[in-house]
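Below is one structure, written out as structure tokens; the observations come after it.
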Amino acid sequence: MASYFETVHQRLLLQCMRRRVQAGRFVDLFLQILKAGGLDHGLFMASSEGVPQGGVLSPLLSNIMLHEFDA
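Okay, so the sequence shown: first residue is 5 according to the working numbering, each after it adds one.
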């Protein structure tokens with residue numbers, strides 16, 4: 005079973021951010037964070053879905069996404 009953080013749809017999350025955040029440069033930085041990817045057994049893996057895990061951003065980004073569903 006995949007965790008929630010691994011299955012967040014990045015395009016929908018970005019749309020949520022654009023509705024709330026007017027600063028285009030921040031949204032661009034946010035997109036770079038989402039697409040950063042990571043290392044898996046020494047190989048770089050690009051990120052096409054999910055949010056970065058292990059930092060303070062993953063719960064925040066997940067709450068942004070879940071807020072849209074609650075509203």
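No residue lacks a Cβ here, since even glycine has one placed at the ideal position from N, Cα and C.
This one's a predicted model, so the numbers in the text were calculated from it and none came from an experiment.
In DSSP terms, what residue i is bridged to
i, result
"Gly42", "Met49"
Where residue i sits in the DSSP three-state scheme
i, result
"Pro56", "coil"
"Asp31", "According to the sequence displayed, residue 31 carries Val and not Asp. Helix, per DSSP."
"His13", "coil"
"Ser7", "coil"
"Gln36", "helix"
"Gln26", "coil"
Own chain residues within Cβ distance below 7 Å of residue i, not counting five before or after
i, result
"Gln130", "With the chain covering only 5 through 75, there is no way to say anything about residue 130."
"Thr11", "Glu53, Gly54"
CA-to-CA distance, residue j to residue i, given in whole angstroms
i, j, result
"Glu72", "Ala27", "20 Å"
"Leu65", "Met49", "21 Å"
"His13", "Gly46", "25 Å"
"Ala75", "Gln19", "15 Å"
Proximity below 8 Å, CB of residue i to CB of residue j
i, j, result
"Leu35", "Ile68", "no"
Spatial neighbours of residue i in its chain, beta-carbon cut-off 8 Å, leaving aside the 5 residues before and after
i, result
"Leu61", "Ile37, Val55"
"Val31", "Leu18, Met21, Arg22, Val25"
Cutoff 6 Å; reference residue i; Cβ partners in own chain excluding five residues on either side
i, result
"Arg15", "none"
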